[in-house]
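*Asks:* My questions all concern the structure below.
Residue numbers (my numbering), protein chains in the order written: chain A, 29 to 432; chain B, -10 to 215.
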């Protein structure tokens, strides 16, 4: 039994490595591209924030991956171990192929596809309602990111750029968004989380505390802007430079949300196997062990520092025409989308939320040129990923059952 | 190697190259105007040099045009329509085409066949063309600003100002052309080939301004808020 756990941890680490390698560019590329932070800072910030998101908010999605899609309670323990391991292996192999072929495949879709394969081969213990919710989230999340980005950018455009005193407006609008982001983050920490339970915070007080934190952050942001940009000229350029450092913060917001959502792709199946090896039964009441989330966080950090920086660099070079306000809008919208999904326990693709947000800014005429063929490729990859990962899982599962 | 589509979604916009293309066009017209003066001074060695430079600039503009078109894939999404941008590139390129065309005709070096009475008018048209080229480049530059500031009213007004300058200068050329056309039969004694040469040159220098005007009309379509 222990051998399966060790293999699972290793494959889980590899999945986490993939997330760090491929997807951290989502959070850091715009800030690095805009030269708001250096690559080294990006790696450190992304590492810490992904880790924090994974550890503190990663539990919801991990629960879904662990037992929300395939209900293990009706299956024998060994079948569940083989199934979870097969799904994880299949997703890893698929992601490796996709990386090599440069297909825009999401780790989330791969692991969910894998779990579906497991559910099918193990005799249909699939929770189709949950699968339906997840599928809906995959379609809705990019759209939500798109609409949010469109609205946020239109607000920035109408309140700041079209005003006669852009800097004056900026001093009010920018802190408002900072406050909103902090409110969402604080809420994600406290609302229905183990932390919230430990602190004995009810749902209403959680909202109340988060509101206070949001208002404090807003005031903090206001004074910071006042302190650093009180004497600069009253033009668009100084608005952009104000948003430059706000972008550092929104990058953190994306990295945090990403950790909260994506770590489950790597750790969810490992958590399943861990629970079985430890208790030798399928207790579904045990919470995701803390140290597994830490392993996931570490894997992501490894991925960023060994490969992710290259992707950040590539994307960063491509977005030279992306100004700080645009980068801010994309970050803010994508991170909010991902964090909301994470709280709902819905595994979604962070990348798709970012792509949706990019399109949203584009629709608000904020981007000079984007290539919409990318969306077509995403949809195609999406459609191939589910059956491929599922079939591969079935195949690996049969082998595992055969050799034991 | 990555699965991340963000490496592909951001692509270079055509607005910088369009400004560059307009600048090349302006340079070509300035050189052409200098060559035109030398043509009437019968300083052919220097004129030849300038005409060749105009021809080279037109080649540069052509290459840039091809590059811009390649970088406008069918899936591109911009604040303005891809078709309108392609249309602008198409029209803008014709300005330099006509500059080259005239350079070719000047290289025939038949200054003597042009009736003296026409010369002043022709020089005047050419001078206006230089002014048009200047206003045109400014219109394109401001158009880029319009895109960057997301159709800010002030920038749109700036473009409109330059568009109107180009239009009124083109009107001036039209009026000169009208005068010339009216005096056409005063030159009955000139041999037909010389007259053909003369009218050809007049047509082309006027056409430069027509092409510039057609291009600013494309810009006007592009900045009209939909």
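For each residue, glycine too, the CB sits at the ideal point set by N, CA and C. On a predicted model such as this, the values are computed, not experimentally measured, just so you know.
Residue 78 (chain A) and residue -8 (chain B) look like a contact to me (Cβ under 8 Å); what is the Cβ gap, rounded to whole Å?
*Replies:* Their Cβ separation, rounded to whole angstroms, is 17 Å, which puts residue 78 (chain A) and residue -8 (chain B) out of contact at 8 Å.
*Asks:* If you draw a straight line from the C-alpha of residue 56 (chain A) to the C-alpha of residue 175 (chain A), how long is it?
*Replies:* The straight-line gap from Cα to Cα measures roughly 22 Å.
*Asks:* In terms of residue numbering, what span does the alpha helix (DSSP H) encompassing residue 137 (chain A) cover?
*Replies:* Run containing residue 137 (chain A): 135 to 149, per the alpha helix (DSSP H) assignment.
*Asks:* Can you give me the C-alpha to C-alpha distance between residue 183 (chain B) and residue 32 (chain B), rounded to a whole angstrom?
*Replies:* So the alpha carbons of these two residues sit roughly 20 Å apart.
*Asks:* Quick one: Cα of residue 30 (chain A) to Cα of residue 107 (chain A), how far?
*Replies:* Each residue's Cα considered, the two are about 15 Å apart.
*Asks:* Between residue 281 (chain A) and residue 165 (chain A), which are expected to be in contact by the criterion C-beta below 8 Å, what is the C-beta distance as a whole number of angstroms?
*Replies:* Not a contact, Cβ separation roughly 20 Å.
*Asks:* Give, in chain order, every unbroken run of the alpha helix (DSSP H) that is at least 4 residues long and sits entirely within the stretch 337 to 362 of chain A.
*Replies:* Those alpha helix (DSSP H) runs which fall completely within the stretch 337 to 362 of chain A and span 4+ residues are 337 to 346.
*Asks:* In angstroms with no decimal places, state the Cα-to-Cα distance between residue 76 (chain B) and residue 207 (chain B).
*Replies:* So the two alpha carbons sit approximately 7 Å from each other.
*Asks:* Which term fits residue 103 (chain B), buried or exposed, when burial requires 16 or more other beta carbons within 10 angstroms of its beta carbon?
*Replies:* Its Cβ being crowded by 16 or more others within 10 Å, residue 103 (chain B) is buried.
*Asks:* Taking a cut of 8 Å between CB atoms, which residues from the stretch 2 to 17 of chain B lie near chain E?
*Replies:* The structure shown has no chain E; the protein chains it does contain are A and B.
*Asks:* Determine whether the beta carbon atoms of residue 37 (chain A) and residue 298 (chain A) lie at a separation below 7 Å.
*Replies:* The answer is yes: Cβ separation under 7 Å.
*Asks:* Between residue 188 (chain A) and residue 197 (chain A), which are expected to be in contact by the criterion C-beta below 8 Å, what is the C-beta distance as a whole number of angstroms?
*Replies:* Their Cβ separation, rounded to whole angstroms, is 5 Å, which keeps residue 188 (chain A) and residue 197 (chain A) in contact under 8 Å.
*Asks:* Taking buried to mean at least 16 other C-beta atoms within 10 Å of its own C-beta, is residue 89 (chain B) buried or exposed?
*Replies:* Buried, because 16 or more other Cβ atoms sit within 10 Å of the Cβ of residue 89 (chain B).
*Asks:* Can you tell which of A:144, A:62 and A:97 has its C-alpha closest to the C-alpha of residue 354 (chain A)?
*Replies:* Among A:144, A:62 and A:97, the Cα nearest to that of residue 354 (chain A) belongs to A:62.
*Asks:* Using the Cβ count rule (16 or more neighbours within 10 Å means buried), how would you classify residue 362 (chain A)?
*Replies:* By the neighbour-count rule (16 or more Cβ atoms within 10 Å), residue 362 (chain A) is buried.
*Asks:* Less than 7 Å between the beta carbons of residue 399 (chain A) and residue 179 (chain B), yes or no?
*Replies:* No, the pair does not count as a contact, with Cβ atoms beyond the cut-off.
*Asks:* Could you confirm whether any beta carbon from chain B is found closer than 7 Å to the beta carbon of residue 329 (chain A)?
*Replies:* Not one chain B Cβ lies under 7 Å of residue 329 (chain A).
*Asks:* Per DSSP, residue 65 (chain B) is paired with what?
*Replies:* Beta-bridge pairing links residue 65 (chain B) to A:399.
*Asks:* Which residues in the same chain have their Cβ closer than 8 Å to the Cβ of residue 182 (chain A), if we skip the five residues on either side of it in sequence?
*Replies:* 392.
*Asks:* For residue 98 (chain A), does the three-state DSSP call read helix, strand or coil?
*Replies:* Three-state DSSP puts residue 98 (chain A) in a strand.
*Asks:* In chain order, what residues of the same chain have a beta carbon less than 7 Å from the beta carbon of residue 43 (chain B), not counting five sequence neighbours either side?
*Replies:* If we look at residue 43 (chain B) and ignore the five residues flanking it on each side, its Cβ neighbours are 17, 20, 21, 24, 88, 89 and 92.
*Asks:* If residue 114 (chain A) and residue 428 (chain A) are in contact, beta carbons under 8 Å, what's the gap, nearest whole angstrom?
*Replies:* That pair is a contact at about 6 Å.
*Asks:* Going by the DSSP bridge assignment, what does residue -1 (chain B) pair with across the sheet?
*Replies:* Beta-bridge pairing links residue -1 (chain B) to A:398.
*Asks:* For residue 304 (chain A), collect the residues of the same chain with a Cβ closer than 7 Å to its Cβ; drop the 5 residues on either side in sequence, then sort them by chain order.
*Replies:* So the list reads 105, 108, 109 and 310, once near-sequence residues are dropped.
*Asks:* Between residue 50 (chain B) and residue 177 (chain A), what straight-line distance do the alpha-carbon atoms span, to the nearest angstrom?
*Replies:* Whole-angstrom Cα-Cα distance: 38 Å.
*Asks:* Measure from the C-beta of residue 78 (chain A) to each C-beta in chain B and report whether the shortest distance is under 7 Å.
*Replies:* Chain B contact via Cβ: absent.
*Asks:* Using the C-alpha atoms, what's the distance from residue 211 (chain A) back to residue 239 (chain A)?
*Replies:* Those two C-alpha atoms are separated by around 6 Å.
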